[in-house]
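Numbering (the numbering used here), first residue to last: 276 to 464.
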């Protein structure tokens, strides 16, 4: 029997510029008494033994969580796909759930629903739909898509939704997709 903790790895994206936060590292900003990144770690630590933090600065602080920390191989803040690519290379599992650090209320049950959809549709890429539109994150991908991400980034493209369309992503429409708060500005805290 497969250990449930070995079904997927988690990538917490914390490598952005934090422009809407005055350049602060968003993953380290406090929300409800702890850094945003910690909310994601706490949500998934009982569901997987492989949580990877993708960060491009404050590496020492992120390493204090005793988790693997990866940085973009493509420099100059190449976006979420660069962090995803770095995490794919470290993932211990075939499936990787990619979550932005500014989604602190994510429910791990969403990942179970995404895995079920991936298997039933034989898809290697699942995104979410909040009932109004597709959302690029969180996304569940099979790590075999690593080469497609690399080619996409090396072509100069960065837009996550464009890559997802090229990969024929399937969107999960579920109430679980609407429950995750997204912290984009200081006012959202």
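In this text, a Cβ means the ideal position worked out from N, Cα and C, and glycines have one as well.
What you are looking at is a predicted structure, and each value in this text was computed from that prediction instead of being measured.
Shown here, residue 417 sits in a strand according to DSSP, grouped into three states. Using a C-beta cut-off of 8 Å, the segment 409-418 makes no contact with the segment 339-353, since fewer than three inter-stretch Cβ pairs fall below that distance. Taking C-beta separations shorter than 8 Å and ignoring five residues to either side along the sequence, residue 426 has no partners in its chain. With fewer than 16 neighbouring CB atoms inside 10 Å of its own CB, residue 434 falls in the exposed class.
Shown here, residue 339 sits in coil according to DSSP, grouped into three states, outside any helix or strand. Counting only residues of its own chain and dropping the five nearest sequence neighbours on each side, residue 403 has a CB closer than 6 Å to the CB of 410, 447 and 452. The beta carbon of residue 379 sits closer than 6 Å to those of 306, 311 and 314, all from its chain and outside the five residues before and after it, given in chain order.
Within the same chain, Cβ atoms closer than 7 Å to the Cβ of residue 319 are found at 285, 326 and 383, the five residues on either side in sequence being excluded.
Residue 361 is a Cβ neighbour of residue 329, given a cutoff of 9 Å. A distance below 7 Å between beta-carbons, with the five flanking residues on each side excluded, links residue 369 to the following residues of its chain, in chain order: 417 and 418. In the three-state reduction of the DSSP assignment, residue 422 falls in the helix class.
Annotation: residue 442 to residue 385 spans about 21 Å, alpha carbon to alpha carbon. Look at residue 452 here: in three-state DSSP terms it is helix.
Assignment of residue 403 by DSSP, reduced to helix, strand and coil, places it in the strand class. Taking a C-beta distance under 9 Å as the contact criterion, residue 359 and residue 288 qualify as a contact pair. With fewer than 16 other Cβ atoms from the protein chains shown falling within 10 Å of its own Cβ, residue 350 counts as exposed. Rounded to whole angstroms, residue 376 and residue 440 show a C-alpha spacing of 23 Å. For residue 329, no alpha helix (DSSP H) encloses it; the enclosing beta strand (DSSP E) starts and ends at 326-329. The C-alpha of residue 459 lies about 12 Å from the C-alpha of residue 291.
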